[in-house]
Amino acid sequence: MMNRDLHTHTIYSDGKNSPEEMVLSAIEKGLKVIGISDHSYTGFDSGYCIKAEKIEDYIKEIQRLKIKYRDKIEVLCGLEQDLYSDKPKYNFDYIIGSVHYIKIGEEYVPVDFSAQKLKAAADKYFDGNIYPLIEEYYRLVGTVAEKTGADIIGHFDLITKFQEKEPLFDEKNERYIRAWQAAVDKLIEANIPFEINSGAISRGYRTTPYPSKDIMDYIIKKGGRFIYSSDSHNKDSIANFKEL
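Quick note, in the numbering used here, the sequence shown goes up one by one and the last residue is 246.
The following block contains the structure:
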């Protein structure tokens with residue numbers, strides 16, 4: 003469905019606009035459903051996510067908007083639940099399950115911060131070999147539905163965020179292919195949709211959405227489903243969908 007967008011972020015986490023501004027933009031764009039899905043709290047890195055003391059305010063604000071705009075649009079209260087976040091204490095309309103970090107020892111290595119961070123982690127932990135790090139990422143992705151209780155799989159191949167401008171590995175490498183295929187095979191069992199996520203396009207990192215065409219074709223072959231999302235961090239990029 004192209005008349006809904008369920009992956010959006012507001013000032014409650016790392017977005018630029020208030021929930022109400024996002025809802026108004028969704029109405030202006032003609033959407034029938036808008037979901038607000040700010041980042042779950044991660045205690046080891048609290049700079050980008052909902053603060054623990056603000057979660058009730060977040061829920062109350064989305065509830066207020068549900069009522070205020072119910073004649074114009076359906077507003078849903080969601081959460082992008084990171085693999086390493088504590089289990090949600092509240093009931094949300096839906097959960098997006100995502101992997102933003104690889105935990106190696108006691109360090110949480112961010113997947114989508116920079117290519118340099120990923121290379122440094124490969125140098126530090128794997129003697130400069132990026133493929134064991136990638137394999138660990140996809141091993142974690144394969145567990146995200148079970149561990150987060152997700153209704154949607156968020157940006158499946160997030161680790162490719164920097165590949166167009168700062169390539170770190172060969173996406174045709176057999177180790178890479180085996181890693182993501184194993185993750186898809188496991189997630190297919192959960193019978194929930196994968197995102198076609200345009201967030202990296204609107205932020206200038208990529209010209210194509212997640213997942214890649216090869217991955218999408220494999221998901222289709224395995225009987226998987228998709229849902230479009232903008233992963234919008236500002237009101238102007240809501241519903242900025244792009245097909246492969």
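We treat Cβ as the ideally placed atom computed from N, Cα and C, and that holds for glycine.
Query: Cβ contact check for the stretch 64-76 and the stretch 42-54: 3 or more pairs under 8 Å; Result: no
Query: DSSP-derived helix/strand/coil call for V35; Result: strand
Query: Cβ contact check for the stretch 227-240 and the stretch 45-60: 3 or more pairs under 8 Å; Result: no
Query: Identified DSSP bridge partners for H41; Result: E82
Query: Exposed unless 16 or more other CB atoms sit within 10 angstroms - verdict on N131; Result: exposed
Query: Per-residue burial, P169 [other beta carbons within 10 Å of its own, 16 or more giving buried]; Result: exposed
Query: Reference K215; option with closest CA among N199, R205, V101 and E108; Result: N199
Query: DSSP beta-bridge partners of G156; Result: Paired residues: none, contrary to the question.
Query: Beta-carbon contacts of L246 that lie in its chain and below 7 Å, excluding the five residues immediately before and after; Result: Residue placement at L246 is flagged as unreliable, the pLDDT there being 49, under the threshold of 50; a coordinate-derived value is accordingly withheld.
Query: As assigned by DSSP and simplified to three states, the class of D187; Result: helix
Query: Beta-ladder partner(s) of E76, from DSSP; Result: V35
Query: Beta-bridge partners of N175, as assigned by DSSP; Result: DSSP, once it has assigned bridges, lists no residue as partnering N175.
Query: The beta strand (DSSP E) enclosing G201, as first and last residue numbers; Result: Taken as a continuous stretch (DSSP letters only), G201 belongs to no beta strand (DSSP E), being part of the alpha helix (DSSP H) at G201 to S204.
Query: 8 Å CB neighbourhood of G17 in its chain, flanking five on each side removed; Result: T10, H11, M24, D40, S234, H235 and N236
Query: Local conformation of E137 per DSSP, three classes; Result: helix
Query: From K174, D114, A181 and G151, residue whose alpha carbon lies closest to that of Y50; Result: D114
Query: Local Cβ density within 10 Å of I97, reported as buried at 16 or more and exposed below that; Result: buried
Query: Host alpha helix (DSSP H) of S27 (start-end); Result: P21 to E30
Query: Supposed close pair Y86, K105 - CB separation, criterion 8 Å; Result: 7 Å
Query: Residue from G201, G226 and Y207 with nearest C-alpha to I240; Result: G201
Query: Backbone secondary structure at V111 - three-state DSSP; Result: strand
Query: Beta-carbon proximity check, D153 vs I203, cutoff 8 Å; Result: no
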